[in-house]
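Start counting the sequence shown at 8; every next residue gets the next number (my numbering). Note that CB positions come from ideal geometry on N, CA and C, so glycine has one too. Note that the structure is a prediction, hence the values are computed from the model and not measured.
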Amino acid sequence: MKKTLFLLVASALLGSCASEQTGSSDPIENLVSYLDSKSFDQTHKRVKYEGGAILKTNTEYYGIGATPEALKSKEYQNLPKERLQEKLENIEIQDSCLRAFRWGCSFARQCYHKENRMLDKDTVVYALALDGMDGERIELEGADSYQDYSVGFKAARAATLKVNGTKQYSQWQIQYITREEKGRETPFNMRPLNDFINRMMENVDSVKVYETSYEITHEDLGGNPSLVGEFAPDEEGTYSGKTTGHLYVVPEKSAKDVEEGLRFCVKNDYLGLNPNQKFFITMDEKGLVIGRNEPLTFSINETVKHQSLYAERSVDGHFYILVLDETTGAYCLPRCWKHIIRIKDHKEYFVPGGHKPNKDGWINID
Numbered sequence: 008m009k010k011t012l013f014l015l016v017a018s019a020l021l022g023s024c025a026s027e028q029t030g031s032s033d034p035i036e037n038l039v040s041y042l043d044s045k046s047f048d049q050t051h052k053r054v055k056y057e058g059g060a061i062l063k064t065n066t067e068y069y070g071i072g073a074t075p076e077a078l079k080s081k082e083y084q085n086l087p088k089e090r091l092q093e094k095l096e097n098i099e100i101q102d103s104c105l106r107a108f109r110w111g112c113s114f115a116r117q118c119y120h121k122e123n124r125m126l127d128k129d130t131v132v133y134a135l136a137l138d139g140m141d142g143e144r145i146e147l148e149g150a151d152s153y154q155d156y157s158v159g160f161k162a163a164r165a166a167t168l169k170v171n172g173t174k175q176y177s178q179w180q181i182q183y184i185t186r187e188e189k190g191r192e193t194p195f196n197m198r199p200l201n202d203f204i205n206r207m208m209e210n211v212d213s214v215k216v217y218e219t220s221y222e223i224t225h226e227d228l229g230g231n232p233s234l235v236g237e238f239a240p241d242e243e244g245t246y247s248g249k250t251t252g253h254l255y256v257v258p259e260k261s262a263k264d265v266e267e268g269l270r271f272c273v274k275n276d277y278l279g280l281n282p283n284q285k286f287f288i289t290m291d292e293k294g295l296v297i298g299r300n301e302p303l304t305f306s307i308n309e310t311v312k313h314q315s316l317y318a319e320r321s322v323d324g325h326f327y328i329l330v331l332d333e334t335t336g337a338y339c340l341p342r343c344w345k346h347i348i349r350i351k352d353h354k355e356y357f358v359p360g361g362h363k364p365n366k367d368g369w370i371n372i373d
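Okay, structure coming up:
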């Protein structure tokens, strides 16, 4: 009987993450601690890392909810007390964000603030430069773009807040960015991830492995919107190509340990030991993506070797790991890559023993 993977590693991960929260006079640091204390249902969180000579950490928080005016309607007043309380808490979270950025505007090195009110739509934008980096000029980027979508400061520490709302609902998004010098940049090295996969296959029972092959044409992009998730054209701007890889399906009994082990591998080997490698990492509650920066276009005549890994748990209890191998022509990744192992002739083929996912992304696996 093989062992379940990485119990000791998981314990180390949990221990390394434990830290005491201390109070701060910095309104943005206080806001980040406040948002981190909220549940995923109240505040969605995603962290993006870019490695290199400078390690950039971009923590995103976002949420959506009804406005105070909407809660006065009969529709909301008839909600159960618990549901109504959730709506009120969502409003309080957004109000806390606005209060912190208003205070932070006078606290920051530089502040950009803009509000638009047109018809029934409101837009509020704040961008703060909190700390500078030695020898680097603080610069505002993206101002006066469409609804200031990409506005932000190039600084050692910066934060942005965007709020869009109508009379009925309001949605908000925060980016908290830190940049740290890490020395000479080195290429991304896939070896720790490959070693992790090899250890998993040796130590975890009943992991299933499927070769994946995704072949798309331009018709697939518009003909079946639920089919294609990520894509990139070939060098001639067309969308015909093939992307291959391997999908690992970890059974429910081992899914948690494998996920924690993979997260520890990423945090230790890349963020901890080699933050100066040229990589990108995205992490949220469901999973992670790690790899080198992929080209914006791919070659028709030359096969591009990937160095990237996708990992995500599903509502079926399994943990999925997709390692991309190579692409010839246009690049494609299915929207539901956890369950699709093949795309050919405009049709998707699912994991054996399963069926097409429903709206919640669930699929049966024998």
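Item	Value
Beta-carbon contacts of residue 3 that lie in its chain and below 7 Å, excluding the five residues immediately before and after	Shown here, the chain extends from 8 to 373; a query on residue 3 therefore has no answer.
N-terminal and C-terminal residue of the alpha helix (DSSP H) that residue 192 is part of	Counting along the chain, residue 192 falls outside any alpha helix (DSSP H), and DSSP gives it neither H nor E.
Rounded separation between residue 300 and residue 286 - CA only	6 Å
Simplified DSSP assignment, three categories, for residue 187	strand
Selected residue, minimal CA-CA separation from residue 328, among 208, 353, 41 and 139	208
Pair within 8 Å by beta-carbon distance, residue 216 and residue 325	no
Under 8 Å between C-beta atoms of residue 71 and residue 135	no
Which of helix, strand or coil DSSP assigns to residue 357	strand
Alpha helix (DSSP H) segment containing residue 210, residue limits	198 to 210
Pair within 8 Å by beta-carbon distance, residue 298 and residue 284	no
Bounding residues of the alpha helix (DSSP H) (the contiguous stretch that carries residue 91)	88 to 114
Residue 295 versus residue 214: straight-line alpha-carbon distance, rounded	19 Å
Residue environment, residue 8, which counts as buried when at least 16 other CB atoms sit within 10 Å	With a pLDDT of only 44 at residue 8, under the threshold of 50, the placement of this residue in the model should not be trusted; the figure read from the coordinates follows. With fewer than 16 Cβ atoms within 10 Å of its Cβ, residue 8 is classed as exposed.
CB contact flag (residue 330, residue 346, <8 Å)	no
Straight-line Cα distance separating residue 58 from residue 277	8 Å
Limits of the beta strand (DSSP E) - the one that residue 171 falls within	164 to 172
Bridge partners - residue 255, DSSP secondary structure assignment	216 and 328
Stretch pair the stretch 178 to 197 + the stretch 52 to 69: three plus CB contacts closer than 8 Å	yes
Spatial distance of residue 305 from residue 94 (CA atoms)	46 Å
Contact set for residue 288: own chain, Cβ-Cβ below 6 Å, skip 5 residues either direction	56 and 297
Where residue 128 sits in the DSSP three-state scheme	strand
When 109, 234, 265 and 188 are compared against residue 349, the one with the closest alpha-carbon	234
Same chain, Cβ closer than 6 Å to residue 111, five either side skipped, listed in chain order	34, 35 and 135
Own chain residues within Cβ distance below 8 Å of residue 401, not counting five before or after	Past the boundaries of the shown model lies residue 401; the chain is included only from 8 to 373, so the question cannot be answered.
Nonlocal neighbours in the same chain, by C-beta distance under 6 Å from residue 250, ignoring five residues either side	221, 334, 338 and 339
Assigned exposure category for residue 322 - 16 Cβ within 10 Å defines buried	exposed
Nearest-angstrom Cα separation, counted from residue 81 out to residue 160	43 Å
Boundaries (first-last residue) of the beta strand (DSSP E) holding residue 33	Note, residue 33: premise wrong, no beta strand (DSSP E); not H, not E.
Distance between residue 46 and residue 261 (C-alpha atoms, nearest Å)	25 Å
Status (buried if at least 16 other CB within 10 Å, exposed otherwise) for residue 137	buried
Classification of residue 1 by the beta-carbon crowding that lies within 10 angstroms, buried from 16 upward	Any question about residue 1 goes unanswered here, given that the chain covers just 8 to 373.
Backbone CA spacing between residue 139 and residue 162 [nearest angstrom]	5 Å
Environment of residue 308 [buried if 16+ CB atoms lie within 10 Å]	exposed
Own chain, CB closer than 7 Å to residue 354, minus 5 neighbours either side, in chain order	none
Nearest-angstrom Cα separation, counted from residue 171 out to residue 126	13 Å
Nonlocal neighbours in the same chain, by C-beta distance under 8 Å from residue 174, ignoring five residues either side	74, 76, 77 and 127
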